[in-house]
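Numbering (the UniProt record's numbering), first residue to last: 1 to 328.
We put the beta carbon where it would ideally sit given N, CA and C, even for glycine.
Okay, structure first, notes after.
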């Protein structure tokens, strides 16, 4: 299968003017190039406000999105992508608005600490602390604490996988669902394609590259042994049993495709109700571009539909079976 010309042209446009991510890359330069000055405008919601939660190294910035005023709704704690180096509340503002408006949920976006200034485990420490705070303050936030999910893309997908593991092992908070969008789940998997062929097959010309993955990993992981810590590589957790139902969304032309789908299979093998959706003609970073590109619309629809279904009586009672589908 090949990219459609529409998607090929879109990727090429995204790459124009963006610095190469290689051994000479600078986090500061990349952040400046990725600044949200021309950010995509997401849909209107009833309330957007900035908050803070106490964290292990100080206050953690948050942003809350409510789809309707003065109503209690399910909640989603969202973790942005960016290789643990890039991204913030503004970079994923439109994604959080899409989720809140279309899924009818209260979204709380987390501005966790970034590498290289704050290497592993700063990000999962902040993610877990923020999720606990949201759960403890659910009433004030208009969230039903029994219907709290976590979600994230790329690096944020990793954090959304790690938080339920920590919550299971540390007596809460209760997580009803996890939505993992092209997550990085194995920092120790190498990049030569022996373990995950998509890392080699899709390692160049599809926005996220093998060289970029290597650079991001070096910024985030200070000690080689940390690559095997489940907080960096959730697929390496001793057990995946007892976790909440999951969506794992992957993309055809993403180097992380195979490890995401491997994690979905591991979840299902551990008895976790899991749905895997692969977006045909999709690439890493596609979420949020739905107003421009049809496969991005399919990705957004899959995520929103999964979150809406996650809070139905059927899903809450754990009756969803493991399944796999491809969105064409």
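Note to self: Just to check my reading of the structure: residue 77 and residue 130 have Cβ atoms closer than 8 angstroms, yes? What is that Cβ distance to the nearest angstrom?
What the structure shows: Translated into positions along the chain shown, residue 77 becomes position 77. Translated into positions along the chain shown, residue 130 becomes position 130. That belief holds up - the Cβ atoms of residue 77 and residue 130 are roughly 7 angstroms apart, short of 8 angstroms.
- Note down, in chain order, each residue of its chain lying with its Cβ closer than 6 angstroms to the Cβ of residue 389, except the 5 sequence neighbours on either side. Residue 389 cannot be examined here, being either before or after the span of the chain that is shown, 1 to 328.
Next item on the list: Using 10 angstroms around the beta-carbon of residue 319, count the other beta-carbons present and answer buried if the total reaches 16, otherwise exposed.
Entry: Translated into the one-based positions of the chain shown, residue 319 becomes position 319. Below a pLDDT of 50, predicted positions are generally treated as unreliable, and residue 319, at 41, falls in that range; the measurement from the model is reported next regardless. Classification for residue 319: exposed.
Within this structure, are the beta carbons of residue 255 and residue 228 separated by less than 8 angstroms? Walking along the chain shown from the start, residue 255 turns up at place 255. Walking along the chain shown from the start, residue 228 turns up at place 228. No. Outside cutoff.
Item to complete: Please report how far the alpha carbon of residue 289 lies from the alpha carbon of residue 298, in whole angstroms.
Response: Taking the chain shown and counting its residues from 1, the one referred to as residue 289 is at position 289. Taking the chain shown and counting its residues from 1, the one referred to as residue 298 is at position 298. Residue 289 and residue 298: Cα-Cα distance of roughly 10 angstroms.
So which of 99, 211, 287 has the shortest CA-CA distance to residue 183? Sequence index remark: in the chain shown, residue 183 carries index 183 (1-based). Answer by Cα proximity: 287.
Notebook entry, point to check: Three or more C-beta pairs closer than 8 angstroms, one from the segment 46-65 and one from the segment 90-106: is that the case here?
Noted result: Touching, per the Cβ criterion.
- With a floor of 3 residues, list each beta strand (DSSP E) that falls wholly inside the segment 105-187, ordered by position along the chain. 106-110, 143-153, 177-181
For residue 155, which of 270, 81, 4, 226 has the nearest alpha-carbon?
-> Here residue 155 is taken as the residue at index 155 of the chain shown, counted from 1. It is 81 whose Cα lies nearest to the Cα of residue 155.
**Asked** According to DSSP, is residue 251 helix, strand or coil?
**Response** Within the chain shown, the letter at position 251 stands for residue 251. The DSSP-derived three-state label of residue 251 is strand.
My output table needs one value for residue 225: the three-state DSSP class, helix, strand or coil.
Taking the first residue of the chain shown as position 1, residue 225 is located at position 225. Residue 225 falls in the helix class under three-state DSSP.
By a C-beta neighbour count over all protein chains shown, 10 Å radius and 16 as the cutoff for buried, is residue 194 buried or exposed? Counting from one through the chain shown, the residue named residue 194 turns up at place 194. Result: exposed.
- Message: Taking its Cβ as the centre, do 16 or more other Cβ atoms sit within 10 Å of residue 2, making it buried, or is it exposed?
- Response: Residue 2 sits at position 2 when you count from the first residue of the chain shown. Note on residue 2: under 16 other CB atoms within 10 angstroms of its CB, so exposed under the neighbour-count rule.
If you scan the segment 56-83 from start to end, which runs of the beta strand (DSSP E) of 3 or more residues do you find wholly inside it? 58-66, 73-79
State the start and end residues of the unbroken beta strand (DSSP E) segment that holds residue 277.
Your numbering for residue 277 matches position 277 in the chain shown. Looking at the DSSP string, the run of the beta strand (DSSP E) that includes residue 277 is 274-279.
| said: Relative to the C-alpha of residue 302, which candidate in 246, 147, 258, 231 has its C-alpha closest? | reply: Counting from one through the chain shown, the residue named residue 302 turns up at place 302. If we check each option's Cα against that of residue 302, 246 comes out closest.
key: Under 8 angstroms between C-beta atoms of residue 21 and residue 211   = As a first step, residue 21 must be located in the chain shown, where it is residue number 21. As a first step, residue 211 must be located in the chain shown, where it is residue number 211. Yes. Within cutoff.
Assign residue 59 to buried or exposed, taking buried as 16 or more other Cβ atoms, counted over all protein chains shown, within 10 Å of its Cβ. Counted from its first residue, the chain shown places residue 59 at position 59. Exposed, because fewer than 16 other Cβ atoms sit within 10 Å of the Cβ of residue 59.
* residue 185 and residue 161 look like a contact to me (Cβ under 8 angstroms); what is the Cβ gap, rounded to whole Å? -> Here the question's residue 185 lines up with position 185 in the chain shown. Here the question's residue 161 lines up with position 161 in the chain shown. That belief holds up - the Cβ atoms of residue 185 and residue 161 are roughly 6 angstroms apart, short of 8 angstroms.
By DSSP, does residue 53 sit in helix, in strand, or in coil? Within the chain shown, residue 53 is the residue found at index 53, counting from 1. DSSP places residue 53 in strand when its eight states are reduced to three.
*Answer with buried or exposed for residue 37, where buried requires no fewer than 16 other C-beta atoms within 10 angstroms of its C-beta.*
The residue you call residue 37 lines up with position 37 of the chain shown. Unreliable positioning characterises residue 37 in this predicted model, as indicated by a pLDDT of 46, which lies under 50. The coordinate reading is nonetheless provided below. Residue 37 should be labelled exposed.
Review point. In three-state DSSP terms, what is residue 246?
Key: The residue you call residue 246 lines up with position 246 of the chain shown. Correct three-state label for residue 246: strand.
| request: Assess, as a yes-or-no matter, whether the segment 212-226 is touched by the segment 266-273 under the definition of 3 or more beta carbon pairs within less than 8 angstroms. | output: no
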